[in-house]
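Position one of the sequence shown corresponds to residue 1 (the UniProt record's numbering), numbered consecutively onward. Cβ atoms here follow ideal geometry from the backbone N, Cα and C, with glycine treated the same way. The structure presented is a predicted model; accordingly, all values stated were derived computationally and were not measured. Have a look at the structure below, then the notes.
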Amino acid sequence: MAARNVEKMASIDAQLRLLVPLKISDDDKLVEYDALLLDRFLDILQELHGQEIRETVQECYELSAQYEGKNDTKKLEELGNVLTRLDPGDSIVVAKAFSHMLNLANLAEEVQNAYRRRIKLKKGDFADENSATTESDIEETIKRLVHDLKKSPEEVFDALKNQTVDLVLTAHPTQSVRRSLLQKHGRIRNCLAQLYAKDITPDDKQELDEALQREIQAAFRTDEIKRTPPTPQDEMRAGMSYFHETIWKGVPKFLRRVDTALKNIGINERVPYNAPLIQFSSWMGGDRDGNPRVTPEVTRDVCLLARMMAANLHYSQIEELMFELSMWRCTDELRVRSDELHRNSKRDAKHFIGYNS
């Protein structure tokens with residue numbers, strides 16, 4: 001059984017290397033990640049739908065890889081013949097399988113991107129651009145502006161302080177991903193990253209591998225399509241989930257990286273906290289381009305919902321800070337400022353619910 005698994009992994013690995021020959025470098029684990037996820041998924045597919053479906057999916061995958069690698073039209077014709085012979089039920093399973101495989105490939109690439117960035121930081125430089133899998137990050141961009149384009153650090157800093165990236169959230173029904181799937185994808189990504197840690201023990205590796213299989217199966221058995229039309233309020237809740245899951249923690253982390261990148265070029269000043277470097281807008285519940293369900297009342301509800309969610313996020317952060325900021329001595333300047341805030345808070349206390357530590 002072990003020998004068969006090794007042979008199967010080698011076959012998948014070879015097919016993946018045909019698809020991405022230019023992305024392979026000494027520090028590139030993309031193929032390794034992708035092969036592991038694909039191997040686990042095919043085992044689950046066989047368990048749920050049988051050996052025949054697994055072989056069909058694998059055959060389609062290999063024919064696609066061969067066509068992509070050599071541009072052999074005969075392989076494309078063979079692929080078409082395989083697909084046209086499928087009955088409607090099997091066609092749905094095969095289509096869902098490939099949709100899931102593409103999701104897993106994206107997750108593998110996300111983990112690889114994070115891995116490559118850690119490698120860059122350890123080396124103190126950036127990897128060869130010819131083998132890169134993504135565009136440059138903020139630190140590399142700033143270094144190029146200074147070293148290649150001969151911009152002064154002060155020019156870069158001034159430009160950053162006076163620019164704004166406005167990220168607009170939308171809720172197109174054909175582009176939305178269910179929150180349950182997003183959470184499962186996040187857990188798959190975490191399992192994959194931990195599996196390849198250098199200090200992992202055999203027991204931990206076994207537990208993570210089992211968790212990875214559970215999450216892959218749960219994601220595959222989750223309906224990707226929401227069967228009831230979402231209301232504008234539902235769309236807003238789905239959009240706000242991105243703030244809960246990633247944006248709320250991700251934006252401060254990115255801004256700290258900007259500060260670090262500036263420090264590395266000689267700017268010992270942080271980007272001002274009130275500089276509008278990143279801001280967010282939303283079409284959800286406010287578009288007036290023909291959606292008959294978006295009324296003034298709906299827009300009001302969505303605005304109130306967004307405010308409530310924002311308040312909850314800030315409140316949870318304040319709760320964390322209450323335990324983190326346990327220091328009891330401070331400078332005279334800070335004491336004066338805190339006394340002023342305390343007096344103001346007493347005036348506004350009726351608007352807040354008390355919290356007992």
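Note that the region 177-188 touches the region 240-255; at least 3 beta-carbon pairs, one per stretch, sit closer than 8 Å. By the C-beta density criterion, glycine 239 is buried, having at least 16 other C-beta atoms within 10 angstroms. A residue is called buried when at least 16 other Cβ atoms come within 10 angstroms of its Cβ; glycine 285 meets this threshold and is buried. Valine 111 and serine 282 do not touch by the CB rule: their CB atoms are close to 29 Å apart, not below 8 Å. A direct Cα-Cα distance of roughly 21 Å separates glutamine 58 from glutamate 215. Counting only runs that start and end inside the region 144-181, the alpha helix (DSSP H) elements of at least 4 residues fall at 153-161. In the same chain as leucine 76, and ignoring 5 residues on each side of it, the C-beta atoms closer than 7 Å to its own belong to Tyr67, in chain order. Beta-carbon to beta-carbon, lysine 161 and valine 271 are separated by about 6 Å, close enough to satisfy the 8 Å threshold. Taking C-beta separations shorter than 6 Å and ignoring five residues to either side along the sequence, glutamate 55 has no partners in its chain. For phenylalanine 280, there is no enclosing alpha helix (DSSP H); the residue is part of the beta strand (DSSP E) that begins and ends at 278-282.
With fewer than 16 other beta carbons inside 10 angstroms of its own, lysine 346 counts as exposed. The C-beta distance from histidine 185 to alanine 219 rounds to 7 Å, short enough to meet the 8 Å contact threshold. Under the three-state reduction of DSSP output, threonine 331 falls in the coil class, being neither helix nor strand. Residue environment for phenylalanine 41: buried (at least 16 other C-beta atoms within 10 angstroms of its C-beta). Taking a C-beta distance under 7 Å as the contact criterion, alanine 108 and leucine 37 qualify as a contact pair. In the structure shown, isoleucine 265 falls within a coil segment according to DSSP collapsed to helix, strand and coil. Alanine 97 has its alpha-carbon roughly 12 Å from the corresponding atom of leucine 48. Counting only the Cα atoms, glutamate 78 lies some 49 Å from isoleucine 278.
Collapsing the DSSP output to three states places threonine 228 in coil. If you draw a 10 Å sphere on the C-beta of isoleucine 200, you find fewer than 16 other C-beta atoms in it, and that means exposed. Across the set Cys330, His147, Ile53 and Arg343, the C-alpha of His147 shows the shortest separation from the C-alpha of glycine 266. Ranked by how close their Cα comes to the Cα of threonine 295, the residues Asn264, Thr231 and Gln317 have Thr231 in first place. Ranked by how close their Cα comes to the Cα of valine 258, the residues Lys143, Ala310, Pro202 and Arg118 have Lys143 in first place.
When the five nearest sequence neighbours on each side are left out, the beta carbons in the same chain lying within less than 8 Å of the beta carbon of glutamate 154 are those of Ile267, in order along the chain.
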